[in-house]
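According to our numbering, numbering within the sequence shown proceeds without interruption in unit steps and concludes at 428.
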Amino acid sequence: MSKDDTPLRADQTAGAPHPRETLRLFGQAQAEQDFLTAFNSDRLHHGWLLTGPQGVGKATLAWRIAAFLLSQPPAEDAGLFGAPPPATSLDIGMDHPVMHRIQALAEPGLASITRSVNDKGKLRDQIVVDDIRALNKFFGLSATDGGRRVVIVDAADEMNTSAANALLKMLEEPPARTTLLLVSHQPSRLLPTIRSRCRLLRFAPLSPEDMEAALMQAGAELPRQAEHLAALANGSVGAALRLLNLGGLQAYSDVVRLLDSLPRLDRQRAMALAEQAAARGGADKFELLLTLIDTALARLARTGATGMAPQPEAAPQEAAVLSRLSPTPQKARAWADLAAQVTARMRHGQAVNLDPAALVLDTVFKMQDTAAR
């Protein structure tokens, strides 16, 4: 199978290289330094929880840590000349044998746990207990050489209860010379006992400059309205790539233009938006549209609450539209209340397979009612 035909993994963003293939990490120097400090002080914890918004580099750092650790001899094997000098970087170079093995998915000291494929060849929506139990075989096979072992779980939030309990046992009694790296977008979804047994590495949203550099590294073609992309992506490279791949900038502009017609409502624009949601094979675009409507309502509420439209704009003329529709704190509360109602209804409708077009039109009519009040 050629590289282009390789199925997208659960831990890979569409249109981006896999985190193990990402050469540089942008905007997360503090998280990287925190890990290096722990490593150099011989206080390397066996469990690490990498937390922060989705798409800001958590998985990339996890793979960098894994390559670094597997290239280092255990402390007790320092050799005749004593311990090496403290490490100043996680970089080991693409020519290192460990890197060659990792890129070839042939590194015996590394296990990557993601959502697996079921008996019908479909990607599961959870990490199941058998995925975690497979680590027992990994530990048994890799124990013979006495070297380090690294496990990456991405994303740990996706474990079901049985999988989480199985992983907890490993954190409670970790195998020797093993480091577990848990990538987590929503740590509140993890068992408190898992969180308490891990050292925390926090990740922040990327600055516009770091995000631009990361997008260029991923091979993305930056739009002319880079500030619109930055506003919608909220410092997440993963979110930015999703927006670029699915036409998200144009879709959000369509939402803003529809808002601009309120309270009279441009029915032609409303129908066009509904038709986009109902397009055959458009599940990803429908999911993105739900996110963009959530975003628009949140930005409306923020405008009324603060007396100022968010900057930078996320679409042409957005600031003027938001300011007209949400001029007061009272109006902000109305938009915030609507956002809570709409989000719950649309997510429920999506879960029970209601007609996407009907869901969008129902939401648009509720937005019209709120604008008219």
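We put the beta carbon where it would ideally sit given N, CA and C, even for glycine.
DSSP places Asp209 in no alpha helix (DSSP H) but in the uninterrupted beta strand (DSSP E) bounded by Arg204 to Asp209. Between the beta-carbon of Arg203 and that of Pro230 there is about 11 Å, and that puts the pair past the 8 Å contact cut.
Looking at the backbone, the Cα of Ala412 and that of Gln331 are separated by about 8 Å. Cβ neighbours of Asn95 within its own chain (closer than 8 Å, five residues either side excluded): Pro141 and Ala142. The stretch 238 to 248 makes no contact with the stretch 81 to 92, as fewer than three CB pairs between them are under 8 Å.
The DSSP-derived three-state label of Ser126 is helix. Within the same chain, Cβ atoms closer than 7 Å to the Cβ of Asp349 are found at Ala394 and Thr398, the five residues on either side in sequence being excluded. Val111 is positioned such that its CB atom lies closer than 9 Å to that of Phe258. Cβ atoms of Val208 and Ile168 come within 8 Å of each other, at about 5 Å. Residue pairing of Trp103 in beta bridges, as defined by DSSP: Leu236 and Arg254. In the DSSP annotation of this structure, the continuous segment of the beta strand (DSSP E) that includes Ala166 starts and ends at Leu165 to Ile168. Taking C-beta separations shorter than 7 Å and ignoring five residues to either side along the sequence, the partners of Ala65 in its chain run Thr169, Arg170 and Leu178, following chain order. Within the stretch 287 to 337, complete beta strand (DSSP E) segments of at least 3 residues are not found at all. The Cβ atoms of Ala387 and Ser378 lie no closer than 9 Å to each other.
In the three-state reduction of the DSSP assignment, Val172 falls in the strand class, which pools E and B. For Ile147, the three-state secondary structure derived from DSSP is coil. Three or more Cβ pairs closer than 8 Å define a contact, and the stretch 354 to 365 falls short of that threshold against the stretch 289 to 301. The three-state secondary structure of Met214, taken from DSSP, is strand.
With a minimum length of 3 residues, there is no unbroken run of beta strand (DSSP E) contained wholly in the stretch 332 to 410. Per DSSP, reduced to three states, the secondary structure at Leu226 is helical. Cβ-Cβ separation between Leu116 and Glu162: approximately 17 Å, too far for a contact (criterion under 8 Å).
Counting along the chain, Glu87 sits inside the alpha helix (DSSP H) bounded by residues Ala84 to Asn95. The residues Ile147, Val153, Met154 and Ile157, in chain order, have a CB closer than 7 Å to that of Ala122 in the same chain once the five nearest residues on each side in sequence are set aside. Closest option to Asp174, judged by alpha-carbon separation, among Arg98, Arg244, Leu196 and Asp185: Asp185.
Straight-line measurement puts the Cα of Leu78 at about 10 Å from the Cα of Pro72. Around Thr418, the same chain offers Ile348, Val397 and Met401 as residues with beta carbons nearer than 7 Å, after the five sequence neighbours per side are excluded. The residue among Leu314, Leu270, Gln280 and Val311 with its C-alpha nearest the C-alpha of Leu296 is Leu270. Assigned with DSSP and collapsed to three states, Leu178 falls in strand. Contact check for Leu105 and Lys113: beta-carbon distance about 4 Å, within the 8 Å limit, so the pair qualifies. The Cβ atoms of Ala189 and Ala166 sit closer than 9 Å to each other.
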